[in-house]
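A.B. asks: First the structure, then my questions, so here it is.
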Amino acid sequence: MKTTLTYIIFLGLILNFLGNSTSVAKNKSDIEKIIGLLESNINIEIGDWSVYAREKTLMIDTRKDFNKEVKKLQRTFPGFTWTTTAEEEKWTATATYVDPQTNLTESLHLMSTQEESHIVSYMIYEAKGHSWNADYSAFIEGAFQDRKKVIFRGKPATFTCIKGTFNDNIDTVLTSKSIKLLDLFQAEEMESIKEPHFISVSAKSNMFTETLTHESLNLQIALRTDGLGEKTTFVVGTPIITFEY
1 MKTTLTYIIF LGLILNFLGN STSVAKNKSD IEKIIGLLES NINIEIGDWS
51 VYAREKTLMI DTRKDFNKEV KKLQRTFPGF TWTTTAEEEK WTATATYVDP
101 QTNLTESLHL MSTQEESHIV SYMIYEAKGH SWNADYSAFI EGAFQDRKKV
151 IFRGKPATFT CIKGTFNDNI DTVLTSKSIK LLDLFQAEEM ESIKEPHFIS
201 VSAKSNMFTE TLTHESLNLQ IALRTDGLGE KTTFVVGTPI ITFEY
């Protein structure tokens with residue numbers, strides 16, 4: 001009886017551990033998932049990356065409302081550098097902050113535009129950097145998530161984009177590399193543009209939750225090479241690529 005009880009307790013601890021591990025994996029940000037898979041399975045070098053969240057806000061009906069929201073953000077983020085522009089039918093406020101230790105850049109954009117008889121406003125919060133390290137990972141999983149809760153009133157759409165290069169010296173056709181990336185992200189190709197030195201693929205994957213409106217597409221991959229012997233550049237984005245490629 002004692003042995004059976006010990007076994008049940010031991011089994012319960014294992015199941016609890018596995019459940020927590022699964023929960024942590026599911027709660028990982030998209031950029032952590034993508035970079036983790038890339039670095040673990042492919043010889044690549046991470047270049048630029050960006051994560052930004054966007055939300056349509058219904059709280060601004062007048063120029064006074066816009067200015068009030070800007071002042072609120074300025075109080076919340078006093079270390080940011082702010083600029084505002086005002087046109088007859090468009091108001092914009094932009095703020096940036098560069099961490100002197102990590103060179104990570106944060107930016108805020110509040111944009112309000114007069115459309116017919118009402119005001120349409122969007123709030124965007126972005127973090128971006130070059131290369132990838134433990135400091136960036138900790139920021140995205142911690143401070144970035146906390147800031148989103150302060151900035152946005154609902155659940156914003158989040159866009160993730162990563163650019164880098166393959167480090168291999170083997171001349172492999174781009175199609176093979178694109179297939180490898182699709183397999184890595186357990187993705188199904190839906191649309192593509194394929195040229196000798198450039199490939200762009202739109203796909204869907206159960207690994208990512210953000211999707212394009214009214215579509216199931218949630219992953220874009222682009223590959224470019226200058227020819228034989230040259231390095232291949234890749235860009236991966238979910239749900240779409242936000243970098244120029």
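The sequence shown begins at 1 in full-length UniProt numbering and counts up one residue at a time.
Glycine is no exception: its CB is placed at the ideal position from the N, C-alpha and C atoms.
1) Starting from residue 234, follow the alpha helix (DSSP H) in both directions and report where the run begins and ends.
2) Could you tell me the distance, in whole angstroms, from the CA atom of residue 186 to the CA atom of residue 136?
3) Would you list the residues sitting across from residue 201 in a DSSP beta bridge?
4) I'd like the list of long-range same chain contacts for residue 260, defined as Cβ closer than 7 Å, with 5 residues on each side in sequence excluded.
5) Using 8 Å as the cut-off, can you tell me whether the segment 171-179 makes contact with the segment 191-199, which would need three or more C-beta pairs spanning the two stretches below that distance?
6) Round the Cβ separation of residue 121 and residue 107 to the nearest angstrom and send it over; I've been treating them as touching at under 8 Å.
7) Taking Cβ positions, are residue 126 and residue 50 nearer each other than 8 Å?
8) Who pairs with residue 90 in a beta bridge, going by DSSP?
9) Whole angstroms are fine: how far does the CA of residue 157 sit from the CA of residue 223?
10) State buried or exposed for residue 131, treating a residue as buried only when at least 16 other CB atoms are found within 10 Å of its CB.
11) Exposed or buried, residue 225, counting other C-beta atoms within 10 Å across all chains shown (16 or more means buried)?
12) Would you kindly work out how many angstroms separate the C-alpha atoms of residue 25 and residue 243, rounded to a whole number?
13) Taking the alpha helix (DSSP H) that residue 150 falls in, what are its first and last residues?
C.D. replies: Based on what the coordinates show:
1) As a position in the sequence shown, residue 234 is number 234, starting the count at 1. Counting along the chain, residue 234 falls outside any alpha helix (DSSP H), though it belongs to the beta strand (DSSP E) covering 232-238.
2) The residue labelled residue 186 in the question sits at position 186 within the sequence shown. The residue labelled residue 136 in the question sits at position 136 within the sequence shown. Approximately 25 Å between the Cα atoms of the pair.
3) As a working note, residue 201 is residue 201 in the sequence shown. Answer by DSSP bridge pairing, in chain order: 192, 221.
4) What the structure shows of the chain is the stretch from 1 to 245, and residue 260 is not part of that stretch, so it cannot be assessed.
5) yes
6) Numbered from its first residue, the sequence shown carries residue 121 at position 121. Numbered from its first residue, the sequence shown carries residue 107 at position 107. The pair is not a contact, with the Cβ atoms about 17 Å apart (cut-off 8 Å).
7) Taking the first residue of the sequence shown as position 1, residue 126 is located at position 126. Taking the first residue of the sequence shown as position 1, residue 50 is located at position 50. Result yes, Cβ atoms of residue 126 and residue 50 sit closer than 8 Å.
8) As a first step, residue 90 must be located in the sequence shown, where it is residue number 90. Looking at the DSSP assignment, residue 90 forms a beta bridge with 113.
9) By one-based count along the sequence shown, residue 223 stands at place 223. By one-based count along the sequence shown, residue 157 stands at place 157. Computed Cα separation, rounded: 25 Å.
10) By 1-based counting over the sequence shown, the position of residue 131 is 131. Within 10 angstroms of the beta-carbon of residue 131 lie fewer than 16 other beta-carbons, which makes it exposed.
11) In the sequence shown, counting from the first residue as 1, residue 225 sits at position 225. With a threshold of 16 other beta carbon atoms within 10 Å, residue 225 meets it and is buried.
12) Here residue 25 refers to the residue found at position 25 of the sequence shown. Here residue 243 refers to the residue found at position 243 of the sequence shown. With a pLDDT of 45 at residue 25, under the threshold of 50, the predicted position of this residue should be treated as unreliable, though the coordinate-derived value follows. Rounded to the nearest angstrom, the two C-alpha atoms are 26 Å apart.
13) In the sequence shown, counting from the first residue as 1, residue 150 sits at position 150. First-last of the alpha helix (DSSP H) with residue 150: 143-151.
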